[in-house]
Amino acid sequence: MKILLFTISFLLSTLSLLFAQAIHSSTDKTTLSTTMHTTPTSEEKEMILEHIHAAFPESTSVPSAQLQGLIVKAWQKGLQYEFNELEDLGIYVMATYALGDNFEENVRGALRLLEDSSLTSRQKADRLETLARQELSKREEYTEGHRDVRDIESQEAAMQAAKVSTDEYTETQNSSQPYRQLAIWAVDKLRNGDMTAVLQKFSPTVIEKVGMPKVEIIFQERILPMFTSSTGVSVSTDVGKTRDAFGHEGFVFFMDLSTPQGIQPVMVMVLKENEKLVIGSLAHDERK
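Here the sequence shown stands for residues 1 to 288, where the numbers follow full-length UniProt numbering.
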C-alpha cells in the first residue's frame, strides 16, 4: 500500500511540471493556446489523455472517446472555478478523473476550495493537488483494510503471505542498500542547503522533459524549505520497490524530519536510469 500511495503522490506532485513542459514544447509550434477557451483543442485533449494514462494505467482500458468526453466536461467545469491557465486546468481535469465526477460534492473541503475567489488559479491548483493526494490515500487505506480482513479469514493464506513477505523483505533490504545510501546523502545535502549537489544527481529524464529552470523553482519553493528547517532526521527501515511515470525502477524510502513544528514525514524515491542511480523525487509523506 505504501508504494501505491507514494506512486500516486509522486505522479500528482509532478503533474504541474509535466504540464509546464508540454505547454513549453507545444508553444514553440504555436499549437497550444495560453488563452483558455470553452473547449480544449485536439492537442490539449491528447496531452491530458497521455497524462491520465501515465498516472493511472488502468485508464488505458477505458474507451478513448469516453475519456475525451470526461476531459471536455471537466475542462468546462474547471473554467467555471476560474482555473485560467492550461497547467492549472490540467490539474483539475486529472483530479476529476482520479476522484470522480462531481468530486467537489463528495470530497470534504473541495467545493469550498474551488469556490474561494481569494485564491489565484495557481494557488487553487496547488491546494487541489494536496487534497487529491489526501483523498486517494484515504480511499486506498480503506480498500487495503478490506483486503486485510479477507486475508485473515484464511489462516493458511495468511501464513503463506507472511512467508512471502518475509522473503521479499530480506531481498529488498539487501538490494536497496546502494539506493538507501544515495537517499540519505540527498537528505543530508538538502538539510545543509546544498540544492546544487542534489540537482546534479536528480533524474535526467525529468530535467529533460521539464527543463532545469522549472525543476529549480520547485526545489527552491517546495522541497528545500522542507529540509532546511529540520533539526534532525530519522530513517525508517521501511522500503519498497517502485517505478516512476517513465518506467524507471528503484526504491522508495521513508524518513521523519524533526522540525520546530513537529515531525515532518517525507519520502525519497531513488531510481536507476541508464545504469546510474539518481534521485527521482522527494515529497511530503501524505500517509501520515
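A virtual CB, placed ideally from N, CA and C, is assigned to each residue, including glycine. Please read these numbers as outputs of a predicted model, since none were measured by experiment.
For residue 201, three-class secondary structure by DSSP
Judged by DSSP in its simplified three-state form, residue 201 adopts coil rather than helix or strand.
Going by DSSP in three states, residue 227 sits in which element: helix, strand or coil? helix
Enclosing alpha helix (DSSP H) for residue 105 [first to last residue]:
103–106
**Prompt:** Does the Cβ of residue 212 have 16 or more other Cβ atoms within 10 Å, making it buried, or fewer, making it exposed?
**Reply:** Counting other Cβ atoms within 10 Å of its Cβ, residue 212 stays below 16 and is therefore classed as exposed.
Minimum C-alpha distance to residue 201 - residue among 185, 74, 83: Across the set 185, 74, 83, the C-alpha of 185 shows the shortest separation from the C-alpha of residue 201.
_Cβ distance (whole Å) where residue 239 is taken to contact residue 227 below 8 Å_ = About 20 Å; that fails the 8 Å criterion.
Proximity winner among 277, 109, 191, 188, relative to residue 204 (alpha-carbon distances):
The closest CA to that of residue 204, considering only 277, 109, 191, 188, is found on 277.
What does DSSP give as the partner residue(s) for residue 284 in the beta ladder?
266
**Proximity of residue 128 and residue 92 at Cβ, strictly below 8 Å** = yes
Roughly how many whole angstroms lie between the Cα atoms of residue 39 and residue 72? 6 Å
field: Same chain, Cβ closer than 7 Å to residue 275, neighbours up to 5 away in sequence not counted
entry: none
Looking at the structure shown, is residue 145 part of a helix, part of a strand, or coil, going by DSSP? Note that residue 145 scores 42 on pLDDT, short of 50, meaning its location in the model is unreliable and no value can be drawn from it.
Original post:
When burial is assigned at 16 or more other CB atoms within 10 Å of the CB, is residue 164 buried or exposed?
Top reply: Residue placement at residue 164 is poorly supported in this model, since its pLDDT is 43, which falls under 50; the coordinates still yield a value, given next. With fewer than 16 Cβ atoms within 10 Å of its Cβ, residue 164 is classed as exposed.
Check the DSSP bridge columns for residue 234 and list the partner residues they point to. 256
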